[in-house]
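Colleague:
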Amino acid sequence: MNSTEDSGSKCPISSFTIQSILGTTSEGSRKENSKGGLQRKRTRSVSSEECSAAEDTSDCFCSEPGDREPCNRHQPLNFSCLNSTKGITPGQAAIERRQHLTQALFQDYREDRERPCSQMSSISEERPREGSRKKRRKISTVLLVKMTGSNEFKLNQGPEDSISAVKFSPSTAQFLLVSSWDSTVRLFDVAGNSMRMKYQHLAPVLDCAFYDPTHAWSGGLDMQLKTHDLNTDQDTIVGTHDAPIRCVEYCPEVNVMVTGSWDRSVRLWDPRTPCNAGTFTQPEKVYTLSVAGDRLIVGTAGRKVLVWDLRNMGYVQQRRESSLKYQTRCIRAFPNKQGYVLSSIEGRVAVEYLDPSLEVQKKKYAFKCHRLKENGIEQVYPVNAISFHSVHNTFATGGSDGFVNIWDPFNKKRLCQFHRYPTSIASLAFSNDGSTLAIASSYMQEQGDISHPEDAIFIRQVTDAETKPK
Numbered sequence: 037m038n039s040t041e042d043s044g045s046k047c048p049i050s051s052f053t054i055q056s057i058l059g060t061t062s063e064g065s066r067k068e069n070s071k072g073g074l075q076r077k078r079t080r081s082v083s084s085e086e087c088s089a090a091e092d093t094s095d096c097f098c099s100e101p102g103d104r105e106p107c108n109r110h111q112p113l114n115f116s117c118l119n120s121t122k123g124i125t126p127g128q129a130a131i132e133r134r135q136h137l138t139q140a141l142f143q144d145y146r147e148d149r150e151r152p153c154s155q156m157s158s159i160s161e162e163r164p165r166e167g168s169r170k171k172r173r174k175i176s177t178v179l180l181v182k183m184t185g186s187n188e189f190k191l192n193q194g195p196e197d198s199i200s201a202v203k204f205s206p207s208t209a210q211f212l213l214v215s216s217w218d219s220t221v222r223l224f225d226v227a228g229n230s231m232r233m234k235y236q237h238l239a240p241v242l243d244c245a246f247y248d249p250t251h252a253w254s255g256g257l258d259m260q261l262k263t264h265d266l267n268t269d270q271d272t273i274v275g276t277h278d279a280p281i282r283c284v285e286y287c288p289e290v291n292v293m294v295t296g297s298w299d300r301s302v303r304l305w306d307p308r309t310p311c312n313a314g315t316f317t318q319p320e321k322v323y324t325l326s327v328a329g330d331r332l333i334v335g336t337a338g339r340k341v342l343v344w345d346l347r348n349m350g351y352v353q354q355r356r357e358s359s360l361k362y363q364t365r366c367i368r369a370f371p372n373k374q375g376y377v378l379s380s381i382e383g384r385v386a387v388e389y390l391d392p393s394l395e396v397q398k399k400k401y402a403f404k405c406h407r408l409k410e411n412g413i414e415q416v417y418p419v420n421a422i423s424f425h426s427v428h429n430t431f432a433t434g435g436s437d438g439f440v441n442i443w444d445p446f447n448k449k450r451l452c453q454f455h456r457y458p459t460s461i462a463s464l465a466f467s468n469d470g471s472t473l474a475i476a477s478s479y480m481q482e483q484g485d486i487s488h489p490e491d492a493i494f495i496r497q498v499t500d501a502e503t504k505p506k
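With positions in the sequence shown counted from 1, the corresponding number in my numbering is that position plus 36.
1. For the stretch 392 to 420, list the beta strand (DSSP E) runs that are entirely contained and at least 3 residues long, ordered along the chain.
2. Please confirm if the stretch 327 to 345 is in contact with the stretch 307 to 315, defined as three or more CB-CB distances below 8 angstroms between the two stretches.
3. If the criterion is Cβ atoms closer than 8 angstroms, does the pair Ala474 and Phe204 meet it?
4. Count the other CB atoms, across all protein chains shown, that sit within 10 Å of the CB of Met480; report buried if there are 16 or more and exposed otherwise.
5. Locate the alpha helix (DSSP H) running through Glu502, then write down its first and last residues.
6. Please classify Pro489 as buried or exposed, where buried requires at least 16 neighbouring CB atoms within 10 angstroms.
7. Helix or strand or just coil, what does DSSP make of Ala492?
8. Only counting the same chain, and skipping five residues up and downstream in sequence, which positions put a Cβ closer than 7 angstroms to that of Gly329?
9. Using only alpha-carbon positions, find the residue among Asp500, Asp491 and Asn468 that is nearest to Phe211.
10. Which full runs of the alpha helix (DSSP H) of 4+ residues lie inside the stretch 293 to 341, going along the chain?
11. Indicate the three-state DSSP secondary structure (helix, strand or coil) for His425 in the structure shown.
12. For Ser358, does the count of other Cβ atoms within 10 angstroms reach 16, so buried, or fall short, so exposed?
13. Have a look at Glu100 and Tyr401 and give me their C-alpha separation to the nearest angstrom.
14. Take Arg365 as the anchor and find which of Gly438, Gln353, Gly383 and Tyr286 has the nearest alpha-carbon.
15. Do the CB positions of Ser297 and Phe316 come within less than 8 angstroms of each other?
16. Taking contact to mean 3 or more Cβ pairs, one atom from each stretch, closer than 8 angstroms, check whether the stretch 421 to 431 and the stretch 391 to 398 are in contact.
17. Mark Asn441 as exposed unless 16 or more other C-beta atoms lie within 10 angstroms of its C-beta, in which case mark it buried.
18. Could you tell me the boundaries of the beta strand (DSSP E) in which Ala239 lies?
19. According to DSSP, which residues form a beta bridge with Asp278?
20. Since Phe494 and Lys190 are thought to touch, with beta carbons under 8 angstroms apart, how far apart are those beta carbons, to the nearest angstrom?
21. Inspect the beta-carbon positions of Gln318 and Leu342 and report whether they are closer than 8 angstroms.
22. Would you please state the rounded distance, in angstroms, between the beta carbons of Val292 and Ala279? I believe it to be under 8 angstroms.
23. Roughly how many angstroms lie between the CA atoms of Lys340 and His251, to the nearest whole one?
24. On the CB-based measure, 16 or more other CB atoms within 10 Å of its CB, does Gln354 come out buried or exposed?
25. Ala386 to Ser326, Cα distance in whole Å?
26. Thinking just about the alpha-carbon of each residue, which of Val214, Ser207 and Lys361 is nearest to the one in Asp491?
27. Identify the residues that DSSP records as bridge partners of Asn187: which are they?
28. Which class does Val221 belong to by DSSP, given the choice of helix, strand or coil?
29. Below 8 angstroms, can you find three or more Cβ-Cβ pairs linking the stretch 225 to 240 to the stretch 254 to 268?
30. Kindly indicate which three-state DSSP category Gln497 falls into: helix, strand or coil?
31. Beta carbon of Ser216, beta carbon of Gln236: below 8 angstroms?
32. Hey, is Arg308's beta-carbon within less than 8 angstroms of any beta-carbon in chain C?
33. Whole angstroms are fine: how far does the CA of Arg282 sit from the CA of Gln497?
34. Excluding five sequence neighbours on each side, which residues of the same chain lie with their C-beta closer than 8 angstroms to the C-beta of Arg368?
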């Protein structure tokens, strides 16, 4: 296996104030479009705990074949749409966790999560570019699904800081792995609503994954990749990256762990030894990745998407550019391994196919979602999380608007929308049998250490009426 080491230097440790890193959001208002129409504003988090009606879906699933535009120059955004926050005030321990991080590391995290985008046009200006034929279709949707005590509950003993990832065990819906900014990885017994164990990192943990039912892997801002034996409660440092580890995934077809980092590399790890099996340079910092059979799909900064063959990492199979205009937030592969879904910070989702033939590429499309109209203004929220239902091939999306939607990608229809959660949806995970959905409702530090709703993990028992194509 050919490999290429990516050079990088570890960031020095120094103290800093959280205010100097986060700054304050711009108070300048967005420029109005001269042609009138509804205005649109980007929004990064929702602090209000009040429920609201479902988003207007008349614009959802507007097909955008071949929609590839270069990313506009970035400039500060106006977040005046945010109301006063309600909830808990971050504890001193949470503040200190961020204050001990280096400025360079924290800036990398902010760039990953919240890179601002340039001004967006009014809704009336949303039209296909010259030469393309963009057909909008009205779609029917299921009404907003209200929470009932019988099918959803909140996990006890949740993390003490922002939640970065939730992952179910590959063999059962009983156990859930949770990584957090409190520098811990926790194992929950979902059936018993209790925490079974937790282990520590030296810094916030950005992702975690199961290798098998008894071994967890995790990585984060301490740059260390750890594996933890859930039977003996012992962990081992497998290796390190030259910058924080952003993504951790397992590929059962090739039996290899995959990590993606801000050091612009993807590394493969043999879980049996365990040891490093190769380092492969990426064009930019890795923000997200997903495994589709023996293929690896990597999303990086600069809206780049790379498709690798894990059996032969000597070259990149495909180099793509995201069909969405703004920064990639999440990529997840279809269970049938034929394609992937990609989300962006601009309230859009793209459905893409791996087969490069023109006939198959005609099937791809993109649609708008996680947008709310308030006082005549359309608020646009990042789509932070995607998770596929392994049985029905439908998928859930979670956004900073606090909503979770279930989509049918084949019939281009939204199946349902759950009630509004207290704050941003940071991560989602369906269980392997598709019976359960874990929902991480967690403030994502969009505005620094301010008062916000409590970070929580909700467990929802889903039905075929919510997840099966109609």
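For every residue, glycine included, the Cβ atom is placed at its ideal position computed from N, Cα and C.
Modeller: Taking the definition as stated:
1. Segments of the beta strand (DSSP E) lying fully in the stretch 392 to 420: 401 to 404, 407 to 410 and 413 to 416.
2. No, they do not touch.
3. Yes.
4. buried
5. It spans Asp500 to Thr503 - the alpha helix (DSSP H) in which Glu502 sits, taken as one unbroken run.
6. buried
7. strand
8. Glu289 and Lys373
9. Per the Cα distances, Asn468.
10. Entirely contained in the stretch 293 to 341, not one alpha helix (DSSP H) run reaches 4 residues.
11. coil
12. Ser358 should be labelled buried.
13. For Glu100, the predicted model reports a pLDDT of 43, less than 50, meaning its position is unreliable; a value from the coordinates is still stated below. The straight-line gap from Cα to Cα measures roughly 5 angstroms.
14. Gly383
15. no
16. no
17. buried
18. Ala239: not part of any beta strand (DSSP E); DSSP gives it neither H nor E.
19. According to DSSP, which records beta bridges pairwise, Asp278 is partnered with nothing at all.
20. 5 angstroms
21. yes
22. Not confirmed; about 21 angstroms, so no contact.
23. 32 angstroms
24. exposed
25. 15 angstroms
26. Val214
27. Answer by DSSP bridge pairing: none, since Asn187 is not bridged.
28. strand
29. yes
30. Correct three-state label for Gln497: strand.
31. no
32. Structure shown: chain C not included; a single protein chain is present.
33. Here the C-alpha atom of Gln497 lies approximately 29 angstroms from the C-alpha atom of Arg282.
34. Ser326, Tyr376, Val377, Ile422, Ser423, Phe424 and Phe431
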